[in-house]
Structures are given as structure tokens and as C-alpha cells.
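See below for the structure under consideration.
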Amino acid sequence: MSTRTRKDMPKGPISNFIDHHYRHFNAAGLKDAAHGYAAHLDAGNKMLVTLAGAMSTAELGLSLAEMIRQDKVHAIVCTGANLEEDVFNLVAHEFYERIPNYRDLTPEDEVALLERHMNRVTDTCIPEHEAMRRLEKAVLEEWVAADKAGQSFFPHEFMYKLLKSGKLEEYYQIPVENSWLYAAMQKDLPIFVPGWEDSTMGNIFAAHVIEGDVKNVHTVRSGIEYMVELAQWYTEVTKDSSMGFFQIGGGIAGDFPICVVPMLHQDLQRDSVPLWGYFCQISDSTTSYGSYSGAVPNEKITWGKLGIDTPKYVIESDATIVAPLIFAYVLGW
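Here the sequence shown is numbered in the working numbering, starting from 12 and rising by one per residue.
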């Protein structure tokens, strides 16, 4: 692991541009958060990154993979969609279709996409046969093999096994350097995937259980088991370093992991475990009544998640714009 800090690194054109031009409002928030992220790492601390929305389909791997390779990310919590969509992009990129005028689509246009088995995510269509069914065929072999052997693994572990096996290599359509999951697999990075059943592969797994192809529904380990793993991991890692929390979007990807600290304190009485040492959220969910994604960070103090002195940042903007810029800054690009 490199001991080089952000302060030792020469600044590239993106970092210089941010430092010079990003002076106010959300732009200043972005710069402050990037400075805080870099300072947190420079102090010898670690960072957990959460991925909500469709960040894999937005090809965040172009920057996130390098963050992982350079030890700027030490764990990821993501939705099942983000876990699988990075692989979809890896094996079917050439079959994706972009629809810049997606706002103008009529219901009839959407039906036409459905009939072509093109699943739209805003301006990008994921091809069912080349992406989803291709992955299903390969991962089903892993599920069935584990099921017959009486073994069980987490969703990300099945993906790691699949990538390590090379079964999908003939289909790779982007450089593996641009896949964040491939970089995570190479590092054996801790990944936690709450609510995995709410994903395409989760639905497909349920279908194969119903069909009897997989006998034991627990062949894929559960979200509760993920929380147990997260609690053990957090307790161990924070013995000698502070853990930061970099949240992209809202939803379960952020809600699930941040709760591990109050659980450790209030339910397990592990009072010596530190609070999160840095917090940043990128979200277009503005502050509103009863919204967790739109809650200001100080509300988390009342839940025992953050402390008074925890550096806190909120950037109300599009994460597909903001996250790559912050990563570029931390990487010195």
C-alpha cells in the first residue's frame, strides 16, 4: 500500500480547475468535501463509499475503479442493481443504446423498447439478452454448484467467484480497468449489498428457487448476515483508524450501513467503537419534511451516527457529475 498522501501529489488539470473555479454554493461544497476526503485519508484513516441509484450504468467505474486500486476506498455498500449493472456493462457495453431525447418518449415509444427487450435507465437502455441473460447463465452455475455442496455465499462473493473464474471473459467489451467490481475483486474489497433481492439477479434467483433449480433459498446469504459482517468489520477496522462515510445518493445503500454505529453503541453496548469520522452525501433530494435522504447531517447526531465534530458535507446535485470530480480531486487528476 502506498504511503504517498494527497498533499505530496502534484495537482492535475481537473484538481487545479476545481480549486480555482469552485468557490461558492454547491461548487464550494464539492471542493470542501474533496478537501475533507483527502485530509481524512492523509491522516491515515479509511473510507466507506455507498452507491445508490444507477451509478454503475452511469459508468462510475471509470473513476471509482482507480480509487479502489489506489486504496482511496476501503469498503463499498451498494444496491443489488449497482452490483450487477457493473457486470452488465462489462459484458454487453456494445449493445447498450443511449437515448438523449428520453424526455420526449411517448408510452408507445416505451412499449417499442420493451418489445426489443431494452430496459431503459433514464437515457440508457440495458439489453436484456446480452446483459441480464448472459450473466444469469453464468451465475446460475455458481448458485447451483454452491447449493449442491451445501454452501452459501453473499451476493458479491458469487460475483467475485464468477469474475475470478474467467467464465465471462470472452464477452468483455470494455477494459477491465474500467470496471469497479473487477478492481474490487482484485483487492478482495469488503462489499455489503443490503436488499439484494430488489435487483434483477435477486428476482432471477427467486425464480430459480421457485422452479427448484436451487433447493435452499439461503444459498445466497441475507441482508441480516451482511449487517452482522458489517458490524464485525467496522469494529475491527476502527480499532486503529477512523472510518469515513461517502454517500452517493440515498436509499438503502446509505441507510443500511450508517446505522451500524448506533447498533454497536446502543444494542451491543460497544461504547469504545468510534462514530463515523467523516460524512459526505451527494443527493438531489432537497431538505424536506420526513425525508431521510433530504435530512441535514446534524439530524444524524440525534441518532448516534455522527458527532458534533464530524466533518459534514452535503452537495445537492447530480451524483453522476459530482462523484467523478471528487474522485478526480482525491486522485490528483
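Idealized CB from N, CA, C, for every residue including glycine.
Take T331 as the anchor and find which of I215, D282 and G64 has the nearest alpha-carbon.
G64
So S26 is in the alpha helix (DSSP H); what residue range does that whole segment cover?
P24 to H32
Beta-carbon separation (whole angstroms), F338 vs Y289, contact threshold 8 Å:
Rounded, the Cβ-Cβ distance is 15 Å, inconsistent with contact.
Could you check which residue in Y300, Q243 and E208 has the C-alpha nearest to that of T230?
E208
How about I87 and V60: do their beta carbons lie closer than 8 Å?
yes
Sort N56, G262, P322 and M143 by Cα distance to M212 and report the nearest one.
M143
Would you call the CB atoms of P285 and S253 closer than 8 Å?
yes
CB of I79 within 8 Å of CB of W244, strictly
no
Are V333 and I269 touching if we call contact CB-CB under 8 Å?
no
Kindly provide the ranges of any alpha helix (DSSP H) runs that are 4 or more residues long and lie completely inside the segment 121 to 172, ordered along the chain.
145 to 159
What are the complete alpha helix (DSSP H) segments, minimum 4 residues, inside the segment 197 to 261?
211 to 222 and 234 to 248
What residues in its chain sit with their C-beta under 8 Å from that of G55, if we drop five residues either side in the sequence?
S252
Using the three-state DSSP reduction, which class does K323 fall into: helix, strand or coil?
strand
Three-state secondary structure assigned by DSSP to M78
helix
Which of the three DSSP states is assigned to E70 in this structure?
coil
With 16 as the cutoff for other CB atoms within 10 Å, does I326 come out buried or exposed?
buried
According to the neighbour-count rule (16 or more other Cβ atoms, all chains shown, within 10 Å of its Cβ), is V122 buried or exposed?
exposed
Alpha carbon to alpha carbon, how far is C89 from L200? Give it in angstroms, no decimals.
13 Å
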